[in-house]
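Using my numbering, read the sequence shown as starting at 224 and increasing by one per residue.
Just below is one structure, and these are the notes that go with it.
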Amino acid sequence: MQISNFQSKQKILKSVEIVPKRNENIDDLLAAREIFSDIADMVTAPENQMGRPGIDPLMALYIMTHGTNVIAMPHVTPRDKNTLYISSQILTSEKLGINHFFVIGGDPISGNFGREVREMDTNETIRHIRKFSREQERDKEAIIGAALNPYRNSEEEIVRSKIESGATLFISQMCYNSEPFKKKWIRQRKFKLFLGFMPILKKSNIESLSKMGVLLPEGLKSIIANSENLRDTSLKLIDNLVSDMKGYIDGVHIMPIGNNEIAKEIMEVL
224 MQISNFQSKQ KILKSVEIVP KRNENIDDLL AAREIFSDIA DMVTAPENQM
274 GRPGIDPLMA LYIMTHGTNV IAMPHVTPRD KNTLYISSQI LTSEKLGINH
324 FFVIGGDPIS GNFGREVREM DTNETIRHIR KFSREQERDK EAIIGAALNP
374 YRNSEEEIVR SKIESGATLF ISQMCYNSEP FKKKWIRQRK FKLFLGFMPI
424 LKKSNIESLS KMGVLLPEGL KSIIANSENL RDTSLKLIDN LVSDMKGYID
474 GVHIMPIGNN EIAKEIMEVL
């Protein structure tokens, strides 16, 4: 299954980020499989999120999606690995039937967990994965995703560079306002674009999102501050956003921070 085969004019594609628990069993992955196997189109998993040791996204997503129609898209970051290791990771992924990869620079490494590698930058990593995968002469070409920041003035140029490197799918930074997307170059895009969305389940999330550079409209801040049911507020918010952004996005990528049930509820209303 290739994400490029989906016709977004017929439906909104549904993607979710899974953050595997750092324990000694796979119960959380099997539970996520049960929740999303019949409703999600694509699942991603971060690689050493926040620069801390985490569960290998490739293995986690294989456990979660094997035998289903859900597309697995593990994160790949040059922060932690050299070119040889990334090549090995691509070979392993394709052996397991996984050929979608989300290339991201990665957060700075926390504490004393090691030194960054960064033998390649993000664009070089995208180019390497595309070239290396093509050299294997597989039946299906690798699909490479990258991040899109709708708030950045130079983003059209940055996205063009990533496309030239080989990216064909983009997931945006978390966004709660349709205006940053309503640009001619996004409307006329020739790539798949997913709106990044994190459900707001605590009023303190407003401050956290602001620290991450996410712009929240003042009207939305007021709605959140006065909401008596943030779960329902988040569901209404994403439903309204998707309706307002028809033609500018192909799908929604939900980052539920471990709250998979709310991610499923969002998918059900889309």
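Each residue gets a CB set at the ideal place from its N, CA and C atoms; glycine is no exception.
Fair warning: this is a prediction, and the values are worked out from it, not measured in the lab.
- Rounded to whole angstroms, the separation of the alpha carbons of Pro280 and Glu484 is 20 Å.
- In the displayed model, Ala365 falls within coil according to three-state DSSP, outside both helix and strand.
- Put simply, of Asp362, Asp303 and Ile352 the residue whose alpha carbon is nearest the alpha carbon of Glu342 is Asp303.
- In this structure, Ser260 is the residue among Ile321, Ser260 and Pro276 with its C-alpha nearest to the C-alpha of Asn292.
- DSSP, reduced to helix, strand and coil, places Ala254 within a helical segment of the structure shown.
- For Val326, no alpha helix (DSSP H) encloses it; the enclosing beta strand (DSSP E) starts and ends at His323 to Val326.
- Bounds of the beta strand (DSSP E) holding Glu240 are Leu236 to Glu240.
- A check of alpha carbon separations from Leu460 across Thr345, Ile313, Phe420 and Met273 identifies Phe420 as the nearest.
- Here Ile309 is near Thr348, since their CB atoms are less than 8 Å apart.
- The C-beta distance from Phe325 to Gly368 rounds to 4 Å, short enough to fall under 8 Å.
- Listed as beta-bridge partners of Thr267 by DSSP are Glu240 and Met296.
- DSSP, read as helix, strand or coil, puts Val475 in strand.
- Just measuring C-alpha positions, the residue of Glu317, Arg410 and Ile446 sitting nearest Glu358 is Glu317.
- Between the beta-carbon of Ile226 and that of Met265 there is about 6 Å, and that keeps the pair under the 8 Å contact cut.
- Taken in chain order, the whole alpha helix (DSSP H) runs of length 4 or more contained in the region 384-464 are 407-410, 428-434 and 441-449.
- Per the Cβ contact rule, the region 473-484 is in contact with the region 413-429 (3 or more Cβ pairs under 8 Å).
- Within the model, the alpha-carbon separation for Leu424 versus Leu307 is close to 41 Å.
- When DSSP states are grouped into helix, strand and coil, Leu371 belongs to the strand group.
- In this chain, the alpha helix (DSSP H) harbouring Phe355 covers Thr345 to Glu358.
- By the criterion of a C-beta distance shorter than 6 Å, Thr300 is surrounded in its chain by Glu270, Ile327 and Gly329, once the five residues flanking it on both sides are discounted.
- Lys487 carries a helical assignment under DSSP once its states are collapsed to helix, strand and coil.
- Taking every protein chain shown into account, the CB of Arg410 has fewer than 16 other CB atoms within 10 angstroms, so this residue is exposed.
- DSSP places Gln312 inside the alpha helix (DSSP H), whose first and last residues are Thr306 to Lys318.
- For Met468, same chain residues with a beta-carbon under 7 Å away, outside a window of 5 residues either side, are Ser401, Phe404 and Leu418 in chain order.
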